[in-house]
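Asks: Structure below; questions to follow.
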Amino acid sequence: MSAALAVAWQRLLGAAWGGRTASLCRGLRTGPRRLQDLAEAAAAKEAENQSATDLSPLILQRNSMRWDGKIYEEIPIAHIKATYNNTHIQVVSFDNRPFARTSCGTEGFQNAKKGTAIAAQTAAMAAAVKARGKGVLHVRVMVKGLGPGRKAAIKGLTMGGLEVISITDNTPVPHNGCRPRKARRM
C-alpha cells in the first residue's frame with residue numbers, strides 16, 4: 243500500500259506543476275484519507291489501462307477458430323472448375339496433395355449430359371465420398387468458371403458428407419485482354 247501511496251504522491255506533485263493545480267491542491271489539503279482515495283483511483287485506472295494493453299495483442303493475433311484442431315489455412319480445398327461442357331472437382335490438402343479427383347465424364351455422363359447440373363452434383367458427391375474415405379471432414383471451396391454446375395457441385399459436396407467452411411469465386415475475368423471468338427450463329 244505504501245508503494246501505491248508513494249506513486250500517487252509523485253503523480254500529484256508532478257501534475258500539480260502541469261496546470262491542474264486547483265483540483266490537485268484541494269486533494270493535498272484534505273489529508274491522508276483523500277490521498278489514499280486518489281491513490282486507489284489511480285491504481286484502478288492504471289490496472290484498467292494495463293488490461294486494455296494486455297488485450298491488444300490478442301486482437302492482432304490470427305483467428306482462433308478451429309475445425310478438428312486445424313486452423314483455416316490448413317483445411318483442405320475443393321477446387322471446382324465449371325465449364326459449359328463439363329465440371330471438374332478436385333479435393334486437395336492445404337499443401338496441394340490430392341485426395342480425390344472426379345469429373346462428369348468419369349462418372350459416366352456423355353456428350354451434352356456432362357454439362358448439366360445433375361452431372362456436376364453426382365461428380366461432387368463421388369469426390370466427397372472419396373475424400374471422406376481419406377479422412378477429410380471440412381473443406382474450403384474454390385469455384386472457377388461460369389458453367390451450369392457451379393451451385394450443384396457445392397450442393398453435391400455437402401450431400402456427400404463434407405462440411406463447407408467457405409466459398410471463394412476464383413473465376414478469371416479479362417480486363418479487355420484477348421479478342422473474343424466470333425459470335426455463334428443459331
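According to our numbering, the sequence shown is numbered sequentially starting from 243. Even glycine gets a Cβ: it sits at the ideal position worked out from N, Cα and C. Small disclaimer: the values here were computed from a predicted structure and weren't measured.
(1) Taking the alpha-carbon positions, what's the Arg276 to Ala289 distance?
(2) DSSP state of Gln332, grouped into three classes?
(3) Decide if Glu315 is buried, meaning its Cβ has at least 16 other Cβ atoms within 10 Å, or exposed.
(4) Measure the beta-carbon distance from Gly389 to Ala342 and round it to whole angstroms, keeping in mind my assumption that it falls under 8 Å.
(5) Below 8 Å on the Cβ atoms is my contact criterion, and I expect Thr400 with Ala361 to pass it. Report the Cβ-Cβ distance as a whole number of Å.
(6) Assign Thr506 to buried or exposed, taking buried as 16 or more other Cβ atoms, counted over all protein chains shown, within 10 Å of its Cβ.
(7) Just the C-alpha distance for Ala394 and Val378, rounded to the nearest angstrom, thanks.
Replies: On the basis of the coordinates in this document:
(1) To locate residue 276, count along the sequence shown from 1; it is residue 34. To locate residue 289, count along the sequence shown from 1; it is residue 47. Their Cα atoms are separated by approximately 20 Å.
(2) Within the sequence shown, the letter at position 90 stands for residue 332. Gln332 falls in the strand class under three-state DSSP.
(3) As a first step, residue 315 is located in the sequence shown; it is residue number 73 there, counting from the start. When all chains shown are included, Glu315 counts as exposed.
(4) Taking the first residue of the sequence shown as 1, we reach residue 389 at position 147. Taking the first residue of the sequence shown as 1, we reach residue 342 at position 100. Actually they are not in contact, since the Cβ atoms of Gly389 and Ala342 sit about 20 Å apart, beyond 8 Å.
(5) The sequence position of residue 400 within the sequence shown is 158, counting from 1. The sequence position of residue 361 within the sequence shown is 119, counting from 1. Rounded to the nearest angstrom, the Cβ distance from Thr400 to Ala361 is 17 Å, too far for a contact under 8 Å.
(6) Nothing in the structure corresponds to residue 506, since the chain is present only between 243 and 428.
(7) The sequence position of residue 394 within the sequence shown is 152, counting from 1. The sequence position of residue 378 within the sequence shown is 136, counting from 1. Approximately 20 Å between the Cα atoms of the pair.
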